[in-house]
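Count along the sequence shown from 1, then add 3; that gives the number in the working numbering. Contents: one structure, followed by commentary.
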Amino acid sequence: MAERCFLAIDLGAESGRVIAGLLDGRRIRLDELHRFANGPVHLGETMRWDVVRLWSEIQTGLAKAAQKYGDAIVSVGVDTWGVDHVLLSKKDELLVQPYHYRDPRTRGLMDAAISRLSRSEIFENTGLQFMEINSLYQLLALRKSSPEIFDVADRFLMMPDFFHWLLCGSRVVEFTNATTSQCFHPTQKNWAFDMLRKLDIPTHIFPEVIAPGTSLGRLRESVARRAGLPRLNVVAPATHDTGAAIAAVPTAYTGNPNWAYISSGTWSLMGIESPQAILTPKALELNITNEGGIDGTYRVLKNIMGMWLVQQCRKSFERHGASYDYGLLTQIARDAKSFRAFINP
4 MAERCFLAID LGAESGRVIA GLLDGRRIRL DELHRFANGP VHLGETMRWD
54 VVRLWSEIQT GLAKAAQKYG DAIVSVGVDT WGVDHVLLSK KDELLVQPYH
104 YRDPRTRGLM DAAISRLSRS EIFENTGLQF MEINSLYQLL ALRKSSPEIF
154 DVADRFLMMP DFFHWLLCGS RVVEFTNATT SQCFHPTQKN WAFDMLRKLD
204 IPTHIFPEVI APGTSLGRLR ESVARRAGLP RLNVVAPATH DTGAAIAAVP
254 TAYTGNPNWA YISSGTWSLM GIESPQAILT PKALELNITN EGGIDGTYRV
304 LKNIMGMWLV QQCRKSFERH GASYDYGLLT QIARDAKSFR AFINP
């Protein structure tokens, strides 16, 4: 069987990659074609994502893929982190430079939401852990600071769906990332419209939710031409990066949560895969989250501090003229005398 090429655009909170997955019918091998930095940009007193630069880097990666694999390329899809999103107008204009989830504008808004609706009602409607970074509180922050935006907003897209829109014009949201928003109902398998209305968030902006594996359309002619590609099929993967990672765990899914995973990056996530969301009072008490997986499953997990502190240390060292890769930082930490200092994050 001739080797076929499937392109993955993998965007993380610290870096992005364009990767070719090469399948010969028996095995898949990976070829990293383009890697680039990512991170928050300070704009005034806010933290934003530079989506214009990310889009430029993606196009560079697509051009490299075209040069190397040409007609063997079958499709392309995007995964990113969760919770962050964009708003588009009816004229397909980007209305707000997307905020970074660590921007402080959401402080206090989770408590404000809980003062209007109980924690149990929000959890029953979303199944998500309570974190101020969630899309729900980001939307409440925008509603508070710039309510006029919602007069012209037409579509809410999670970050990977925004890049799919740039690739092919689709205006839908994929299931695994939708579930990270705290705006999605885990048993109705649709947006939590009743809850959103109670919080005065306009519901007309929320589009159709589609399953991972859905074909979204063909690459825009202009994008294909610039990259030197044919009009490839754009396919939504599990667009939440952890959802994609868990799909790759080398175990057979049996319908029973009899194995666990730890996925580590900027965040570490530890949990199980379950055929349905777990919405019990104990899950609420423990602040457990239910995020979507492939085939309609749920990733029942806890968010844990991951590599964020190490990433920030590395950036601080670089600002002072010292550049260390992660391997060297690990070795330095291993060689350091124990308990000389404690870090309060």
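Ideal Cβ positions, reconstructed from N, Cα and C, are used throughout, including at glycine. Being a predicted model, the structure only gives us computed values, none of them experimental.
Shown here for W311: same chain residues with a beta carbon closer than 6 angstroms to its own, the five before and five after excluded, namely T269 in chain order. In terms of CA proximity to P150, I204 leads the group A339, R7, L57, I204. Between the alpha carbons of L26 and L219 lies a distance of about 22 angstroms. Nearest in C-alpha terms to L304, of all of A336, D298, T292, is T292.
Short of 8 angstroms from the beta carbon of E127, and not among the five residues preceding or following it, lie these beta carbons of its own chain, in chain order: L282. Its Cα nearest to that of Q100, the residue P43 stands out among P43, L14, S123.
Membership of T292 in the beta strand (DSSP E) is indicated by the continuous run 292-295. With respect to the C-alpha of P240, the residue from R32, G295, T63 having the closest C-alpha is G295. If you look at C8, you'll find it in the beta strand (DSSP E) that goes 7-14. Look at the stretch 134-196 and you find these whole runs of beta strand (DSSP E), each 3 residues long or longer: 156-161. For the set G28, R32, P260, the Cα lying nearest the Cα of L10 is the one of R32.
Y329 sits exposed, since fewer than 16 C-beta atoms from the chains shown fall within 10 Å of its C-beta. The Cβ atoms of G309 and S267 lie closer than 8 angstroms to each other.
Using a 10 angstroms sphere on the CB of I297, the tally of other CB atoms reaches 16 or more, which defines it as buried.
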